[in-house]
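Peer 1: What follows is a single structure, and I will ask about it in a moment.
Protein chains: 2
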Amino acid sequence: MAASTMKLTLFLLPLFFTFSLIISSHHPLDPLTPSEFKKVRTIVKKSYPSGLKHNLTFQYIGLDEPDKPVLQSWLSSKTKSNPPPRRAFVIARLHKETHELVVDLSNRYIISDKVYGGNDGYPMLTNDEQTAASALPFSYQPFLDSVKKRELNLSDVVCATLTVGWFGEEHSRRAIKILSFYKEGTANVYMRPLEGVSLLVDLDEMKIVEYYDRSRLPMPKAEGTEYRLSKQKPPFGPPLNGFVIEQPNGPGFKIDGHQISWANWDFHLGFDVRAGPIISMASIYDLEKATYRQVLYRAFVSELFVPYMDPTEEWYYKTFFDAGEYGFGQLAMPLEPLTDCPANAEFLDAYYAGEDGTPVKISNAFCIFEQQSGSVMWRHSEYAIHGELITEARPELSLIVRMVATVGNYDYILDWEFKPSGSIKIAVGLTGILEVKAADYTHTSQIKEDAYGTLLADYTIGVYHDHFLTYYLDLDVDGEANSFVKNNLVTKRVTDKNSPRKSYWTVESETAKTESDAKIQLGLKASELVVVNPNKKTKPGNSIGYRLIPGSISKALLNDDDYPQIRGAFTNYNVWVTPYNKSEKWAGGLYADRSHGEETLATWSLRNREIENKDIVLWYTVGFHHVPCQEDFPIMPTLSGGFELRPTNFFESNPVLKTKPPSSKHVNSTNQP
Amino acid sequence: MAASTMKLTLFLLPLFFTFSLIISSHHPLDPLTPSEFKKVRTIVKKSYPSGLKHNLTFQYIGLDEPDKPVLQSWLSSKTKSNPPPRRAFVIARLHKETHELVVDLSNRYIISDKVYGGNDGYPMLTNDEQTAASALPFSYQPFLDSVKKRELNLSDVVCATLTVGWFGEEHSRRAIKILSFYKEGTANVYMRPLEGVSLLVDLDEMKIVEYYDRSRLPMPKAEGTEYRLSKQKPPFGPPLNGFVIEQPNGPGFKIDGHQISWANWDFHLGFDVRAGPIISMASIYDLEKATYRQVLYRAFVSELFVPYMDPTEEWYYKTFFDAGEYGFGQLAMPLEPLTDCPANAEFLDAYYAGEDGTPVKISNAFCIFEQQSGSVMWRHSEYAIHGELITEARPELSLIVRMVATVGNYDYILDWEFKPSGSIKIAVGLTGILEVKAADYTHTSQIKEDAYGTLLADYTIGVYHDHFLTYYLDLDVDGEANSFVKNNLVTKRVTDKNSPRKSYWTVESETAKTESDAKIQLGLKASELVVVNPNKKTKPGNSIGYRLIPGSISKALLNDDDYPQIRGAFTNYNVWVTPYNKSEKWAGGLYADRSHGEETLATWSLRNREIENKDIVLWYTVGFHHVPCQEDFPIMPTLSGGFELRPTNFFESNPVLKTKPPSSKHVNSTNQP
């Protein structure tokens, strides 16, 4: 859930750039700059001047990235003379209608302006409208009465906004729920819900349209919920000793605008108000071929589906699409040096457009750092050779790009890790605060029916829920035309009577012809999943590929006909492959808020298009079933998950064979006795 | 496979301690000291003086650890006056028989001496006998003829020893295969097999009993196989920048003998010639309860099963039990500072007894270091509260204990990671050299039938295989009597017609009553697996527990009736639980070499003993199916796997809530422009 952002703008200050500022060397995939946001605003506002009739709101402004062939051919041209035109894609609301606009920034005009006629949901919600909505209860008499009736101080009440999902209703409005919490004695407001009080705000009208004060449950205590260091009392601990990291030759990476190069990697780091970080055009230098080779054209978190498992009146609707409803980029938090990122990190800011189109800056939205974790890149000790003990080892070094999105109570740490060996490890860390329900229990022995969660403390139930992060991975393995291959490990019965063995396994490769061949529920079958370039082979004749190595596997547990699962049907499989299609970016649909699941990955794939030797997109879902435990109270130790993309016959041989170990040293100011 | 250890003793020098050396403050679980090994040797040799008749060999000498109740009661006694007697468990070979001896070191006598009457395999092989066996071919004329016939230099031939498994034969002898390799032009001998030449050595007779020179295949080239930095030619790369790590307050851990304490953790690090590292009596300080609480009584790698998937005459037998046959501890390699372990690591030596009973030292067998990887222990940004943006974050710090066992071509990096949050992460990194087969192919297009592997380079097939590491995990969660609970996530249909939801999932707990309830193939069912203490509850009434969080899951693919799988049946399930039984340590049997699978985890469990509210042992198998790829040539980038033991309602609340962020700093000598 995304809480009220009432004063968020105090920290994410709107920028008033001088209009003449022009950034000279744009990469065509660079996110829109503050001045470009202002340009979009100016151009659109010219068509829709503000006023009583025209109260247009910008729900989304992002780069309308150049068509892939146009971009590719421009990038491979030598002169780089005619860059692809800079365009913005805009979703705006006006007169309760959703407009899709494409704005040409070079020629300053609206290329297209289409009213979305469908019934499949609403655009992303802005921080601004959520802030406005969560202010409404404070001047709404029934709410004030509820607070008074409970003998609470109004000044300690905090309101938060929660999207409402879709449950089969034919007609819905753009609306958001407001729940309230109590900050008396704690910053951890989520642990003190005013359970049973809820409001519904019509966002287009910006007014309260429903109000409930249903139940009267004990409010959980403030005691033990505080997580700020300044509020803790001794004993502190466990104690941890500090590190000083020195890099005598400076950091090993270079940042040029949004282009990052490090070791053998080169990639572009973009930012989108909905997706957060976008990794583009990642390529790796092949020492043997003396050239950079393509790996990943574009990759980002496409959606994050978080259904809660409490079907009762107060909780049933909590089936969030955190990226599509709240915006991962919009909720990127300024990262704190030394705690969110290590001492050797560098930081980058990001910008998005507020509801009125003016740019908002997020300081330190990204950090980039080299990680020397103590892992071993490769090693071997050889003792078979007479008179020698050979040991060769190389320490591992990685580059990590991090962004944290805080969606109300939850914090998602999004890491993209690049390894010199060619691996890309994609990880997400789940931390922050649980979403809890007040209940009249102080001991599990009092619970006689399903409590839908774990009793964490007095009156506090941590409700069961899932997190499904679906990644969009447009791999271009050594070129655009790729195939998806399942290398199935198949047990064979030995037929040769002379062999003492009765069985073995071998690899039977199966190339997915169409989309239905590539819908995969992991864990059922031993199989290596590889995106290959069928048009290129290694010297020995193997298919050049990148392999998907899943982490822990979770599958969707809701019934297929349940509304949240209809909307989140893209989690029915862990893996999907689609042919590249510029319009297919958001697994849960372009309009995720109150969506009906009509225009999603699950429905696109029903066309069962050909995917062999095509430009294909791999979709992978990292899932967590979260059964809260007391350790998650009052704040959760990070739980991590993820997956790896690993070169598999991409290189002719180990690409880090000829890497020299970096010089390392340790200094101990005070040594142990 | 374990290669010849011909000159290993040059590096692992036997020690000749003065006999009077007495170590004062033994922990009862400390591994045998050099002087204790000498004492064992003296005591046993007195009964079996050397000579023509008595050529006794020590196949295994290790601590016969005190009985668990004895140890526990001694440790909890205040005076610590009568320590449990120090005893050694010895497996010796004499007159082609296996002796099991228990030696009392305090009173210097043999408590028991039992001849093993079974037919279920042989004890661990010593480095010494493998070294002796691999010297035999050099004075064996048929072998010399084979080398000559191939026009090879005898001085470049290297012999390696390979265990032969069991394939249904009723009577077998203690024997080992010898294969040979060619080091001309490379240290990477495994890439240059003399394919088709093999010898069988009877180890008790120490003579060659079979010899084959069957096929004549091209020997793969030396070119491109070298991994030593000194032999590489430019271009080097990718380049990596160095780090200097300074710890102004010194390391945060303390090592006192074998006892290690760090942050809130306290544990004992033992060493065994067979298992390698043994973590014992790990307990964690509970800030709230102001006391240490038990987590893990004893944990180690019990077995590592590595079957290859080539059923042909030259390869079918390669179905190794790396721990039980070769000894993980015996093959622990001296770790190299700065490459095997980071600059801030400290090192510990280890000792085992050679075949003649004299102690052998392994320098730097362990490294211990604090890891600051840049991860986040927990964080939250709070923007719901009026006028504030609260951000609290804590950087993650871990303590890692590492040992590397090099079993011939393969290197296994064994890591035990302790986190202040109470998690123990157990990881294994696979690196080193592939076991390859020479074959008459230079391109995949020439392969017309199953090649049983991947063509990596000219004439070089990387053969498919598995790695299954089975961990012994004697958890004592807040006490000895524990239960194993499956918290099954079960989808429920909503019956309340008022709820717009149709489904949700909830947790249905199932306590395993007997061993058969706890045999689990992972991936089939959504379930959290928890070892709980059913006799203690948290304040809200939850079961105090530690949860097993699996990593990537692999299941056994060989047929159940295949001999290697009969021996390796402990891999039929990913998880097993047994009642604690001092004699049940080795999943593949005490006598893994040529075992018939008769005395293994899979057979013990057939008794289907009660495991509820008992002292139980959890067995978990980390599996890898390895389809080699060209990146693994000529040396493999590390592939990692593992699992996590995570407190789940063990603490009343987040145990790192009150941890202060350690002071950290970054110094850049040369900054980026």
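First to last, the sequence lines map onto chains A and B. Going by the UniProt record's numbering, 132 is the number at position 132 of the first sequence; the sequence numbering is gapless. Going by the UniProt record's numbering, 639 is the number at position 639 of the second sequence; the sequence numbering is gapless. Cβ coordinates follow ideal geometry from the N, Cα and C atoms, glycine included.
Tell me which residues share the same chain as GLY568 of chain A and place their Cβ nearer than 6 Å to its Cβ, disregarding the 5 neighbours each side in the sequence.
Peer 2: Residue numbering aside, residue 568 of chain A sits at position 568 when the first sequence is read from its first letter. Excluding five sequence positions before and after GLY568 of chain A, the CB atoms of its chain that fall closer than 6 Å to its own CB belong to PHE305, given in chain order.
Peer 1: Applying a beta-carbon distance threshold of less than 9 Å, which residues of chain A neighbour LEU287 of chain B?
Peer 2: Locating residue 287 of chain B in the second sequence gives position 287, counting from the first residue. Going along chain A in sequence order, the residues near LEU287 of chain B (Cβ under 9 Å) are PRO235, PHE236, GLY237 and PRO238.
Peer 1: What is the DSSP secondary structure of PRO193 of chain B, reduced to helix, strand or coil?
Peer 2: Position 193 of the second sequence, counting from 1, holds the residue named residue 193 of chain B. Note: PRO193 of chain B maps to strand in three-state DSSP.
Peer 1: Cβ of LYS486 of chain A less than 8 Å from any chain B Cβ?
Peer 2: As a first step, residue 486 of chain A must be located in the first sequence, where it is residue number 486. Answer no: the Cβ-Cβ gap between LYS486 of chain A and chain B never drops below 8 Å.
Peer 1: Of the residues that make up the stretch 564 to 590 of chain A, which ones have a beta carbon closer than 7 Å to any beta carbon in chain B?
Peer 2: none
Peer 1: Just verifying my parser: in three-state terms, what is the DSSP assignment at GLY324 of chain B?
Peer 2: Position 324 of the second sequence holds residue 324 of chain B. DSSP places GLY324 of chain B in helix when its eight states are reduced to three.
Peer 1: Can you give the Cα-Cα distance for LEU21 of chain B and SER35 of chain B, rounded to whole angstroms?
Peer 2: One-based indexing of the second sequence puts residue 21 of chain B at position 21. One-based indexing of the second sequence puts residue 35 of chain B at position 35. Below a pLDDT of 50, predicted positions are generally treated as unreliable, and LEU21 of chain B, at 38, falls in that range; the measurement from the model is reported next regardless. The straight-line gap from Cα to Cα measures roughly 7 Å.
Peer 1: By a C-beta neighbour count over all protein chains shown, 10 Å radius and 16 as the cutoff for buried, is VAL633 of chain B buried or exposed?
Peer 2: The residue given as residue 633 of chain B occupies position 633 in the second sequence. In the sequence as displayed, the identity of residue 633 of chain B is Phe instead of Val. Result: buried.
Peer 1: I'd like the list of long-range same chain contacts for HIS625 of chain B, defined as Cβ closer than 6 Å, with 5 residues on each side in sequence excluded.
Peer 2: For the purposes of this step, residue 625 of chain B is taken as residue 625 along the second sequence, with counting starting at 1. Cβ-Cβ distances below 6 Å link HIS625 of chain B to ASP466 and SER554 in the same chain, with the five nearest sequence neighbours on each side left out; the list follows chain order.
Peer 1: Residues of chain A with CB closer than 9 Å to the CB of LYS658 of chain B, please, in chain order.
Peer 2: Taking the first residue of the second sequence as 1, we reach residue 658 of chain B at position 658. In chain order: LEU229, GLN232, LYS233, PRO234, PRO235, PHE236, GLY237 and PRO238.
Peer 1: Determine the direct distance from the alpha carbon of TYR140 of chain A to that of ASP202 of chain A, and round the result to whole angstroms.
Peer 2: For this step, residue 202 of chain A is matched to residue 202 along the first sequence. For this step, residue 140 of chain A is matched to residue 140 along the first sequence. Between ASP202 of chain A and TYR140 of chain A, the C-alpha separation is close to 14 Å.
Peer 1: Determine, for ARG293 of chain B, whether the minimum Cβ-Cβ distance to residues of chain A falls below 8 Å.
Peer 2: Here the question's residue 293 of chain B lines up with position 293 in the second sequence. Answer no: the Cβ-Cβ gap between ARG293 of chain B and chain A never drops below 8 Å.
Peer 1: Given MET309 of chain B, which residues of its chain have a CB within under 7 Å of its CB, disregarding the five upstream and five downstream residues?
Peer 2: Here residue 309 of chain B is taken as the residue at index 309 of the second sequence, counted from 1. The answer, listed in chain order, is TYR452, VAL463, TYR464 and HIS465.
Peer 1: Taking the straight line between their C-alpha atoms, what separation do you get for PHE167 of chain A and LYS318 of chain A?
Peer 2: In the first sequence, the residue the question calls residue 167 of chain A occupies position 167. In the first sequence, the residue the question calls residue 318 of chain A occupies position 318. Spanning the two alpha carbons is a distance of roughly 11 Å.
Peer 1: What's the C-alpha gap between THR312 of chain A and ARG173 of chain A?
Peer 2: Against the first sequence, residue 312 of chain A aligns to sequence position 312. Against the first sequence, residue 173 of chain A aligns to sequence position 173. Distance between the alpha carbons of THR312 of chain A and ARG173 of chain A: 22 Å.
Peer 1: Would HIS386 of chain B and GLY432 of chain A qualify as a contact pair, given that the criterion is a beta-carbon distance under 8 Å?
Peer 2: Mapped onto the second sequence, residue 386 of chain B falls at position 386. Mapped onto the first sequence, residue 432 of chain A falls at position 432. Against a cut-off of 8 Å, the Cβ pair of GLY432 of chain A and HIS386 of chain B comes out as no contact.
Peer 1: Can you name, in chain order, every residue of its own chain whose Cβ lies under 7 Å from the Cβ of ASP458 of chain B, other than the five neighbours on each side?
Peer 2: For the purposes of this step, residue 458 of chain B is identified with residue 458 of the second sequence, where counting begins at 1. Cβ neighbours of ASP458 of chain B beyond the five flanking positions: PRO220, LYS221 and THR442.
Peer 1: Check this for me: beta carbons of ALA393 of chain A and VAL376 of chain A, under 8 Å apart or not?
Peer 2: The residue you call residue 393 of chain A lines up with position 393 of the first sequence. The residue you call residue 376 of chain A lines up with position 376 of the first sequence. Closer than 8 Å, so yes.
Peer 1: Rounded C-beta distance between LYS68 of chain B and TRP74 of chain B? I'm assuming under 8 Å.
Peer 2: Position 68 of the second sequence holds residue 68 of chain B. Position 74 of the second sequence holds residue 74 of chain B. No, LYS68 of chain B and TRP74 of chain B are not in contact; Cβ-Cβ is about 11 Å, not under 8 Å.
Peer 1: Going by beta carbon distance, what residues of the same chain come within less than 7 Å of LYS539 of chain A, once the five residues before and after it are set aside?
Peer 2: Translated into positions along the first sequence, residue 539 of chain A becomes position 539. Closer than 7 Å at the Cβ level, and outside the excluded window around LYS539 of chain A, lie GLU652.
Peer 1: Alpha carbon to alpha carbon, what distance is there between ASP561 of chain B and ALA3 of chain A?
Peer 2: Here residue 3 of chain A corresponds to residue number 3 of the first sequence, with the count starting at 1. Here residue 561 of chain B corresponds to residue number 561 of the second sequence, with the count starting at 1. With a pLDDT of 46 at ALA3 of chain A, under the threshold of 50, the predicted position of this residue should be treated as unreliable, though the coordinate-derived value follows. Their backbone Cα atoms lie some 59 Å apart in a straight line.
Peer 1: Out of curiosity, what's the CA-to-CA distance linking GLY196 of chain B and LYS437 of chain B?
Peer 2: In the second sequence, residue 196 of chain B corresponds to position 196, counting from 1. In the second sequence, residue 437 of chain B corresponds to position 437, counting from 1. For GLY196 of chain B and LYS437 of chain B, the distance between alpha carbons rounds to 10 Å.
Peer 1: Which value, in whole angstroms, describes the spacing of the CA atoms of ILE23 of chain A and ALA92 of chain A?
Peer 2: Residue mapping note: residue 23 of chain A aligns to position 23 of the first sequence, counting from 1. Residue mapping note: residue 92 of chain A aligns to position 92 of the first sequence, counting from 1. Low per-residue confidence applies at ILE23 of chain A: pLDDT is 41, beneath 50, and the placement is therefore not dependable, though the value from the model is reported in the following sentence. So the alpha carbons of these two residues sit roughly 26 Å apart.
Peer 1: Taking only three categories from DSSP, how would you classify LYS38 of chain B?
Peer 2: Counted from its first residue, the second sequence places residue 38 of chain B at position 38. It is helical.
Peer 1: On the three-state DSSP scale, how would you describe VAL295 of chain B?
Peer 2: Working through the second sequence from its first residue, we reach residue 295 of chain B at position 295. In this structure, VAL295 of chain B counts as strand in the three-state DSSP scheme.
Peer 1: According to DSSP, is ALA350 of chain B part of a helix, a strand, or is it coil?
Peer 2: Here the question's residue 350 of chain B lines up with position 350 in the second sequence. Strand at ALA350 of chain B.
Peer 1: With distances taken from CA atoms, which of B:PHE253, B:GLU184, B:ILE255 and B:LEU229 is nearest GLU223 of chain B?
Peer 2: Numbered from its first residue, the second sequence carries residue 223 of chain B at position 223. Closest by alpha carbon: B:GLU184.
Peer 1: By how many angstroms is the C-alpha of TYR285 of chain B removed from the C-alpha of ALA587 of chain A?
Peer 2: Mapped onto the first sequence, residue 587 of chain A falls at position 587. Mapped onto the second sequence, residue 285 of chain B falls at position 285. C-alpha separation (whole angstroms): 45 Å.
Peer 1: Exposed or buried, LYS660 of chain A, counting other C-beta atoms within 10 Å across all chains shown (16 or more means buried)?
Peer 2: Locating residue 660 of chain A in the first sequence gives position 660, where the first residue counts as 1. Exposed, by the Cβ-count rule.
Peer 1: Near TRP604 of chain B, which residues of its chain fall below 7 Å by C-beta distance, leaving aside the five closest residues on each side in sequence?
Peer 2: As a first step, residue 604 of chain B must be located in the second sequence, where it is residue number 604. Excluding residues within five positions, the ones whose Cβ falls inside 7 Å are THR578 and GLU584.
Peer 1: List the endpoints of the continuous beta strand (DSSP E) containing TYR211 of chain A.
Peer 2: Here the question's residue 211 of chain A lines up with position 211 in the first sequence. That run of the beta strand (DSSP E) goes 207 to 213.
Peer 1: Taking Cβ-Cβ distances below 8 Å as the criterion, which residues of the stretch 314 to 344 of chain B are in contact with chain A?
Peer 2: Within the stretch 314 to 344 of chain B, the residues whose Cβ lies closer than 8 Å to some Cβ of chain A are TYR316, TYR317, MET333, PRO334, GLU336, LEU338, THR339, ASP340, CYS341, PRO342, ALA343 and ASN344, listed in chain order.
Peer 1: Can you confirm whether SER503 of chain B, when its beta carbon is compared against all beta carbons of chain A, has any partner nearer than 8 Å?
Peer 2: Within the second sequence, the letter at position 503 stands for residue 503 of chain B. Taking 8 Å as the CB threshold, SER503 of chain B lines the interface with chain A.
Peer 1: Using a C-beta cutoff of 8 Å, does GLN259 of chain B count as contacting chain A?
Peer 2: By one-based count along the second sequence, residue 259 of chain B stands at place 259. Answer no: the Cβ-Cβ gap between GLN259 of chain B and chain A never drops below 8 Å.
Peer 1: Beta-carbon of SER24 of chain A versus every beta-carbon of chain B: anything under 8 Å?
Peer 2: Indexing the first sequence from 1 puts residue 24 of chain A at position 24. Because SER24 of chain A sits at a pLDDT of 45, beneath the cut-off of 50, its placement in the model cannot be relied upon, and the point is left open.
Peer 1: Reducing DSSP to helix, strand and coil, say where GLU184 of chain B ends up.
Peer 2: By 1-based counting over the second sequence, the position of residue 184 of chain B is 184. Reduced to three states, the DSSP call for GLU184 of chain B is coil.
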